[in-house]
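This report concerns only the one structure given below.
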Amino acid sequence: MVFQFLLNVAIMVIWVALQQEYTGSDFLIGYILGMIIVYFFRGILDQPFYLRKGFAILKLVLLFIKELLVANYDMVKVVLNPNLKRDVKPGIIAVPTTLKHDWEITILSMLVTLTPGTLTMDYSADARTLYIHVIHVDDREDVIKDITDSFEKAIREVGE
Numbered sequence: 001m002v003f004q005f006l007l008n009v010a011i012m013v014i015w016v017a018l019q020q021e022y023t024g025s026d027f028l029i030g031y032i033l034g035m036i037i038v039y040f041f042r043g044i045l046d047q048p049f050y051l052r053k054g055f056a057i058l059k060l061v062l063l064f065i066k067e068l069l070v071a072n073y074d075m076v077k078v079v080l081n082p083n084l085k086r087d088v089k090p091g092i093i094a095v096p097t098t099l100k101h102d103w104e105i106t107i108l109s110m111l112v113t114l115t116p117g118t119l120t121m122d123y124s125a126d127a128r129t130l131y132i133h134v135i136h137v138d139d140r141e142d143v144i145k146d147i148t149d150s151f152e153k154a155i156r157e158v159g160e
């Protein structure tokens, strides 16, 4: 991936040098031209196209922003509820994970903790289960499914 990016930058620099101008549009055209060339020669480089991981990271960031906004809205509803004690059902849920690398599990834990209403408390010795405190649990399986189908899936795409 790093080699493809450096090759793309080298093509951009060559393009700008051939244009004998140093404008932003020449850099942009050179970079786009480099992306096209690297994309067509990705089979020779024996690696997936490097921007694929960039798109996966962007997708993860946008997913987190969406989940953050939804969770904030849900927390406002909980806090402003006059029947707070009666309607809130906190719980600790064991969420199994299929993530393999430590950095993936760390990112999942951080994203869950940064989302209002949830807090990663601990993980199992084999790092295959996260223990998450949730401020309102209607159905444990729904909470597990929400976490694994959103954050875990997006993190897995970044790691591939």
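Okay, so the sequence shown: first residue is 1 according to this note's numbering, each after it adds one. Cβ atoms here follow ideal geometry from the backbone N, Cα and C, with glycine treated the same way.
Identified DSSP bridge partners for residue i
i	result
Tyr131	Ala94, Asp122
Status (buried if at least 16 other CB within 10 Å, exposed otherwise) for residue i
i	result
Asn110	Going by the sequence as given, residue 110 is Met instead of Asn. It counts as exposed.
Ala154	buried
Thr120	buried
Ile132	buried
Phe3	exposed
Tyr123	buried
Gly30	buried
Ile92	exposed
Leu99	buried
Ile65	exposed
Val70	exposed
Length of the line joining the Cα atoms of residue i and residue j
i	j	result
Asp149	Ala17	47 Å
Phe41	His101	30 Å
Pro116	Leu68	7 Å
Ile107	Gln20	44 Å
Ile135	Tyr50	39 Å
Asn81	Tyr73	12 Å
Gly34	Leu6	10 Å
Met137	Glu152	The sequence as given places Val at residue 137; Met does not occur at that position. The straight-line gap from Cα to Cα measures roughly 19 Å.
Pro96	Ile32	41 Å
Asp139	Gln47	42 Å
Thr23	Asn8	18 Å
Leu84	Leu63	29 Å
Gly43	Ile36	13 Å
Asp87	Ile144	21 Å
Leu168	Ile14	Not covered by the structure: residue 168. The range shown for the chain is 1 to 160.
Ala127	Asp26	48 Å
Residue i, DSSP secondary structure in three states
i	result
Lys153	helix
Thr115	coil
Phe5	helix
Gln19	helix
Phe41	coil
Glu141	helix
Asp146	helix
Asp46	coil
Entirely enclosed alpha helix (DSSP H) segments - the segment 55-107, minimum 4 residues: 84-87
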